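S.K.: First the structure, which I've put down as structure tokens, then a few questions once you've had a look.
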Ligand SMILES: C[S@@+](CC[C@H](N)C(=O)[O-])C[C@H]1O[C@@H](n2cnc3c(N)ncnc32)[C@H](O)[C@@H]1O
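Chains as they are written, first to last, in my numbering: chain W, 1450 to 1723; chain F, -10 to 110.
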């Protein structure tokens, strides 16, 4: 296949960034071709520039959504960076009631991993809100069904037999207990207000990296605002709030956790409960 | 360098697994059935054993039981790697002492992930 021309690459990159804040570096524009292949086929097109032309034409209202979905990096796995999520769960597991927001849950492996850890910790089951900008990802997450390859990435076999059951075509489906603890919703971190209420723990892993600095700062401020005063934020390995947000700082509680910088206006308020 | 013993009666599978394991920096040995694998383990205990289920001479399960009865300086991790992908087989393997389970067909990431879970990669 001939390389993607820079005009089409710019059209797709601009669409993706406008919708999600995610940036694809020019040098990685080969990703467009790989990612858009299935969409070309579905529309009986040969080349990505034809797809770009169709997008600009604007007749097919759903085309932009589908392109954005196809371009998003939705790489994930069960128990990704297992040590840090175990630490995060431990830090809040004794609280009740307990609210957790998984803010870019992709196809759902991350909230399910959390649900397994909380269930195994034996305390109250938290309410887990799992969101992602991709509606395709959210509907897959809601189904909770994984291929043989997906189910074997990061998930220990003992947990697989305890929490999943075989489904058609060599797939595995998460148990009703796990899925029942999770509320799935489409949500865009750069455009939508956070889910209602405050959270004990927020996960926002492996997407901030691809935001422009000003957007990263905005998103972090929103996440800080959605935390309880004693809540924790967990970012991905290699992501940090340092130099990105005045409202958050590393927490001494566990590796990779961040906490709110106390608001001076709040210093006279006494927080009861946790 | 970690050591892995691949136990499988299929030459092709052994070759594929060897390729992946060597890229993950393992020193690899091979056995074509459970009996050969047991002989190997009496001489040197590998860090991890990748174990097929159905093999001539001695099956994976028979090997696992026999291994349990061998006096050994240390226990290798055992990862079943088989097309027996049903719940009953998986439970039986866990009960017999397997540490992990890979359902075939597998790819590089699956194998790497399972080896990380048992703590050898
Ligand atoms: C690489 S995945 C990471 C998934 C998971 N958090 C993990 O660490 O394994 C990034 C996810 O962020 C989502 N995403 C990208 N931009 C977003 C935005 N503006 N709002 C919400 N989710 C977004 C993508 O759809 C994708 O599912």
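Beta carbons are placed, not taken as given, at the ideal position from N, Cα and C, and that holds for glycine. Note that this is a predicted model, so its numbers are computed, not measured.
(1) Assuming residue 1478/W is part of the beta strand (DSSP E), what are its boundary residues?
(2) Find the nearest neighbour of residue 1680/W within the set 1541/W, 1503/W, 1705/W, judged by alpha-carbon distance.
(3) Considering only residues of the same chain and omitting the five flanking positions on each side of residue 1518/W, which have a CB-CB separation below 8 Å?
(4) For residue 91/F, list the residues DSSP reports as bridge partners.
(5) How would you write the range of the beta strand (DSSP E) that residue 17/F sits in, first residue to last?
(6) Go through its chain and collect everything with a Cβ distance to residue 1677/W's Cβ below 7 Å, but skip five positions before and after it.
(7) Residues in the same chain with beta-carbon distance under 7 Å from residue 1574/W, minus the five sequence neighbours each way, listed in chain order, please.
(8) Given this structure, state the Cα-to-Cα distance separating residue 83/F from residue 30/F, to the nearest angstrom.
(9) Would you decide whether residue 1723/W is buried or exposed? Buried here means 16 or more other CB atoms lie within 10 Å of its CB.
(10) In three-state terms, what does DSSP make of residue 33/F?
(11) Determine which residues of the region 71 to 84 of chain F have a Cβ less than 9 Å from any Cβ of chain W, and write them out in chain order.
(12) Taking C-beta to C-beta, are residue 1603/W and residue 1527/W nearer than 7 Å?
(13) Counting only Cβ-Cβ distances shorter than 9 Å, please list the residues of the region 1618 to 1636 of chain W near chain F, keeping chain order.
(14) With 16 other CB atoms within 10 Å as the buried threshold, where does residue 0/F fall?
(15) Would you say residue 9/F lies against chain W (beta-carbon separation less than 7 Å)?
(16) Kindly say whether residue -5/F, judged by its beta-carbon, lies nearer than 7 Å to any beta-carbon of chain W.
(17) So, for residue 1660/W: in the same chain, excluding its five sequence neighbours on each side, which residues have a beta-carbon less than 6 Å away from its beta-carbon?
(18) Would residue 66/F pass as a contact of residue 5/F if the rule is Cβ separation under 7 Å?
(19) So, at 6 Å on beta carbons, what are the nonlocal neighbours of residue 1561/W in its own chain, with the 5 sequence-adjacent residues on each side left out?
(20) If the criterion is Cβ atoms closer than 7 Å, does the pair residue 1633/W and residue 1590/W meet it?
(21) Is it the case that the CB of residue 1499/W approaches a heavy atom of ligand 1 more closely than 6 Å?
(22) Is residue 1529/W close to chain F? Criterion is C-beta to C-beta, closer than 7 Å.
(23) For a minimum of 4 consecutive residues, which ranges assigned as the alpha helix (DSSP H) are wholly contained in the region 1477 to 1538 of chain W?
(24) Name the two residues that bound the continuous alpha helix (DSSP H) containing residue 1692/W.
(25) Report yes or no: is there a C-beta of chain F within less than 7 Å of the C-beta of residue 1606/W?
M.R.: The short version:
(1) No beta strand (DSSP E) holds residue 1478/W; DSSP gives it neither H nor E.
(2) Among 1541/W, 1503/W, 1705/W, the Cα nearest to that of residue 1680/W is on 1541/W.
(3) Setting aside the 5 residues that flank it on each side, residue 1518/W is surrounded in the same chain by 1583, 1584, 1585, 1586, each with a C-beta closer than 8 Å to its C-beta; the list follows chain order.
(4) In the DSSP output, where bridge partners are listed per residue, residue 91/F has 70/F.
(5) Boundaries of the beta strand (DSSP E) around residue 17/F: 16 to 20.
(6) Cβ neighbours of residue 1677/W beyond the five flanking positions: 1647, 1648, 1649.
(7) In chain order, 1567, 1568, 1630 place their CB closer than 7 Å to the CB of residue 1574/W, counting only its own chain and leaving out the 5 sequence neighbours on each side.
(8) Going from the Cα of residue 83/F to the Cα of residue 30/F covers about 21 Å.
(9) Any answer about residue 1723/W is weak, because its pLDDT of 45 lies below 50 and its placement is not dependable; what the coordinates show is given next. If you draw a 10 Å sphere on the C-beta of residue 1723/W, you find fewer than 16 other C-beta atoms in it, and that means exposed.
(10) DSSP places residue 33/F in coil when its eight states are reduced to three.
(11) If the cut-off is 9 Å between Cβ atoms, the region 71 to 84 of chain F has 74, 75, 76, 79, 80, 82, 83 near chain W.
(12) Contact: yes.
(13) Per Cβ criterion, the list reads 1619.
(14) That one is exposed.
(15) Using a Cβ-Cβ cut-off of 7 Å, residue 9/F does not count as an interface residue toward chain W, since no Cβ of chain W sits closer than that to its own.
(16) With 7 Å as the cut-off, residue -5/F does not count as an interface residue toward chain W.
(17) For residue 1660/W, where only same-chain residues beyond five positions count, the Cβ hits under 6 Å are 1470.
(18) Taking C-beta atoms as the reference points, residue 66/F and residue 5/F fail to come closer than 7 Å.
(19) Correct list, in chain order: 1623, 1627.
(20) With a cutoff of 7 Å on beta-carbon distance, residue 1633/W and residue 1590/W are scored as near each other.
(21) No, the beta carbon of residue 1499/W sits no closer than 6 Å to any heavy atom of ligand 1.
(22) For residue 1529/W, not one C-beta of chain F is nearer than 7 Å to its own C-beta.
(23) Runs of the alpha helix (DSSP H) inside the region 1477 to 1538 of chain W: 1479 to 1491, 1497 to 1506, 1512 to 1520.
(24) Premise fails: residue 1692/W is in no alpha helix (DSSP H) and is neither H nor E.
(25) Yes, its Cβ sits closer than 7 Å to a Cβ of chain F.
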